[in-house]
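To start, the structure under review is shown below, and the notes come after it.
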Amino acid sequence: MVDLPEHLRKPFVNLLLAAADDKLFLGHRNSEWTGLGPILEEDIAFSSLAQDEMAHATALFEVASSLDGRSADQLAFGRRPEEYRCAAIVEVPDEFDWATAMGRRLFCNHFDVLRLARFAQSAYKPLADLARRLAAEQQVHLRHVNDWIVRLGTGTPESHRRIQQAIEALARIAPSLFEPVEQQDDLVAAGLYPGSDGQMYDAWRGAVEHLLGRAQVTARLEPPDPGDRGGRRGTHTVHLAPMLDEMCEVFRLEPDAAW
Amino acid sequence: MIDRQSILDVLRTIPDPEMPISIVDLGLIESVEVAAAGDSSVVRIVALPTFVGCPALEMIRRDIEHRLGAMPGIGAVEVQWVHDPPWSVDRISAAGRESLRVHGVTVPDRGGPPAAFGSANVGLTIGGAVPCPFCGSMRTRQESPFGPTRCRMIYYCDACRNSFEHLKRV
């Protein structure tokens, strides 16, 4: 059956929650564009992307739930803010700025495919099987965002100025994606999250910079400071709590309701 | 004990909730196991979701349980969704492809390249030219890589001026 050492159960659940939380909040932020997309196709696209991310988050919460005991719904909506493990970049609002929404997805989607590729090699088979499926679906997101970044960067002077500005601002918090969860080294050593070392950051930075080069956009990306304590260890931006309050408004009315 | 074939025959009459194709032709059914339990049979269906967390999965599960549960001689029905092996558009049968085509939904060619995996793909378009399901012209273009459901994209045919849908290859 499934081989998961007992002392790694909690850190492994946190790793799953980090991935699920990133997707939950990125999906929520994307869903805010439903009805407000700049063109019809992008309205459909962002609604569809949000559905994908929410479905992926649900599937990851279910794997976490099988190890943690709390239901997937409780994990998604029933934790205190400091129990979430998402990165800062998915918490900040995009203020309905199209360039910011796209720029955020660029950094997050490139990180996500790298993380899913490593999950797909995990010694924990339920995660590996699921991640292979998620990675295949995620390719569509990647191509869509890459296409748009190049279009915006090489479009009009205004589109270039706006995507350049958004990328510069987001580049400061994008490395937050790479903050390790507690005991991540132990998870790597146990084969549960293989290959998630410095090479992963280099691969991400290389892919992002290559794409930005094609878009004629520049960004300064600094590796994450190991001393920084952020979302992966429960320290969040001021934006998380209000977003959670909004998302959980209905859930909290009747936490045990069957949907 | 009830035989696998009569179970498959019933499964073949269950349509996908979102497309005009049976769940068998769509390639969702991975295995059918029948075990004797007293006077009746216990049936276990292992099925593959097209997309992870597709909202139709619960409806399909209920349809299977309801339809098989109504067969004489079946005591219990269990439906299990698994991700291994992964579902792919290549599992759609020839009959299923034709049924979708008639309704304006095309399927990527069998054996085409799998989705790039695990590397940063910087391509700017998704897939190549797709023949129009209505007039056969190759003068078609992608209107949107997203569509009415997560598994479909929107295309337009410049020859007969119809829009159609194309399944994503995952």
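As they're listed, the protein sequences go chains A and B. For the first sequence, position 258 matches number 549 in the working numbering, and the numbering has no gaps at all. For the second sequence, position 7 matches number 12 in the working numbering, and the numbering has no gaps at all. Here a beta-carbon is modelled for each residue, glycine too, at the ideal position from N, C-alpha and C. The structure presented is a predicted model; accordingly, all values stated were derived computationally and were not measured.
Suppose the cutoff is 7 angstroms on Cβ atoms and the five residues either side in sequence are ignored; what does the same chain contact list for residue i look like?
| i | result |
| --- | --- |
| residue 296 of chain A | 481 |
| residue 333 of chain A | none |
| residue 47 of chain B | 40, 80 and 81 |
| residue 356 of chain A | 362, 363 and 366 |
| residue 444 of chain A | 451, 454, 506, 507 and 508 |
| residue 143 of chain B | 134 and 136 |
Can you check which of these residues, the options, is closest to residue i by C-alpha distance?
| i | options | result |
| --- | --- | --- |
| residue 153 of chain B | A:340, A:302, A:549 and A:447 | A:340 |
| residue 539 of chain A | A:302, A:298 and A:316 | A:316 |
| residue 486 of chain A | A:515, A:314, A:414 and A:527 | A:414 |
| residue 493 of chain A | A:484, A:474, A:504 and A:513 | A:513 |
| residue 353 of chain A | A:500, A:331 and A:367 | A:367 |
| residue 491 of chain A | A:404, A:449, A:541 and A:463 | A:404 |
| residue 370 of chain A | A:549, A:409, A:385 and A:312 | A:312 |
| residue 412 of chain A | A:342, A:484, A:402 and A:359 | A:484 |
| residue 388 of chain A | A:375, A:304, A:376 and A:460 | A:460 |
| residue 428 of chain A | B:134, B:160, B:175 and B:45 | B:175 |
| residue 86 of chain B | B:14, B:32 and B:163 | B:32 |
| residue 390 of chain A | A:378, A:420, A:324 and A:375 | A:324 |
| residue 309 of chain A | A:402, A:331, A:330 and A:500 | A:402 |
| residue 322 of chain A | A:384, A:419 and A:294 | A:384 |
With a 10 Å radius around its C-beta and 16 neighbouring C-beta atoms as the bar for buried, classify residue i as buried or exposed.
| i | result |
| --- | --- |
| residue 529 of chain A | exposed |
| residue 292 of chain A | Note that residue 292 of chain A scores 44 on pLDDT, short of 50, meaning its location in the model is unreliable; the coordinates nonetheless yield the value given after this. It counts as exposed. |
| residue 345 of chain A | buried |
| residue 157 of chain B | buried |
| residue 108 of chain B | exposed |
| residue 393 of chain A | buried |
| residue 386 of chain A | exposed |
| residue 301 of chain A | exposed |
| residue 239 of chain A | Since the first residue shown for chain A is 292 and the last is 550, residue 239 of chain A is missing from the structure and cannot be characterised. |
| residue 27 of chain B | buried |
| residue 163 of chain B | exposed |
| residue 94 of chain B | buried |
| residue 547 of chain A | exposed |
| residue 541 of chain A | exposed |
| residue 330 of chain A | exposed |
| residue 10 of chain B | exposed |
| residue 18 of chain B | exposed |
Under 6 angstroms Cβ to Cβ from residue i, same chain only, skipping five residues before and after it: list those, please.
| i | result |
| --- | --- |
| residue 425 of chain A | 347 and 407 |
| residue 22 of chain B | 61 and 64 |
| residue 574 of chain A | Here chain A covers residues 292 to 550 and nothing more, so residue 574 of chain A does not appear. |
By Cβ distance below 8 angstroms, which residues in the same chain neighbour residue i in space, the five residues on each side in sequence not counted?
| i | result |
| --- | --- |
| residue 42 of chain B | 80 and 81 |
| residue 552 of chain A | Since the first residue of chain A shown is 292 and the last is 550, residue 552 of chain A is not available in this structure. |
In chain B, which residues lie less than 7 angstroms from residue i when you measure between Cβ atoms?
| i | result |
| --- | --- |
| residue 420 of chain A | 88 and 89 |
| residue 342 of chain A | 155 |
| residue 424 of chain A | 57, 88 and 91 |
| residue 435 of chain A | 150 |
| residue 541 of chain A | Within 7 angstroms Cβ-Cβ: nothing; residue 541 of chain A doesn't reach chain B, min ~18 angstroms. |
Output, in chain order, the set of chain A residues within a Cβ distance shorter than 8 angstroms of residue i.
| i | result |
| --- | --- |
| residue 58 of chain B | 345, 346, 347, 349 and 350 |
| residue 48 of chain B | Per Cβ cutoff of 8 angstroms: no residues; residue 48 of chain B is ~23 angstroms from chain A at best. |
Which residues of chain B have a Cβ atom closer than 8 angstroms to the Cβ of residue i, listed in chain order?
| i | result |
| --- | --- |
| residue 390 of chain A | Correct list: empty, because the minimum Cβ distance to chain B is about 18 angstroms. |
Find the residues of chain A that neighbour residue i, judging by a C-beta separation of less than 9 angstroms, and give them in chain order.
| i | result |
| --- | --- |
| residue 152 of chain B | 335 and 339 |
| residue 4 of chain B | As shown, chain B starts at 6 and ends at 175. That puts residue 4 of chain B outside it, with no answer to give. |
List, in order along the chain, the chain A residues whose C-beta lies closer than 7 angstroms to that of residue i?
| i | result |
| --- | --- |
| residue 175 of chain B | 427 and 428 |
Going along chain B in order, which residues have a C-beta closer than 9 angstroms to the C-beta of residue i?
| i | result |
| --- | --- |
| residue 479 of chain A | By Cβ distance, chain B contributes nothing, its closest Cβ being about 17 angstroms from residue 479 of chain A, past 9 angstroms. |
| residue 508 of chain A | Those within 9 angstroms of residue 508 of chain A in chain B number zero; the least Cβ separation is about 14 angstroms. |
| residue 472 of chain A | Within 9 angstroms Cβ-Cβ: nothing; residue 472 of chain A doesn't reach chain B, min ~21 angstroms. |
Of all the CB atoms in chain E, is at least one closer than 8 angstroms to the CB of residue i?
| i | result |
| --- | --- |
| residue 354 of chain A | In the structure shown, chain E cannot be found, because the protein chains are A and B. |
Of all the beta strand (DSSP E) runs that stay within the bounds of the segment 30-108 of chain B, which reach a length of 3 or more residues? If we require 3 residues or more, the beta strand (DSSP E) runs fully inside the segment 30-108 of chain B come out as 34-42, 45-52 and 79-86.
Q: Can you check the segment 361-407 of chain A for any alpha helix (DSSP H) of at least 4 residues that lies completely inside it and give the ranges in chain order?
A: Correct list: 363-368.
Runs of alpha helix (DSSP H) lying entirely within the segment 473-502 of chain A, each at least 4 residues, in chain order = Complete alpha helix (DSSP H) runs here, min 4: 475-480.
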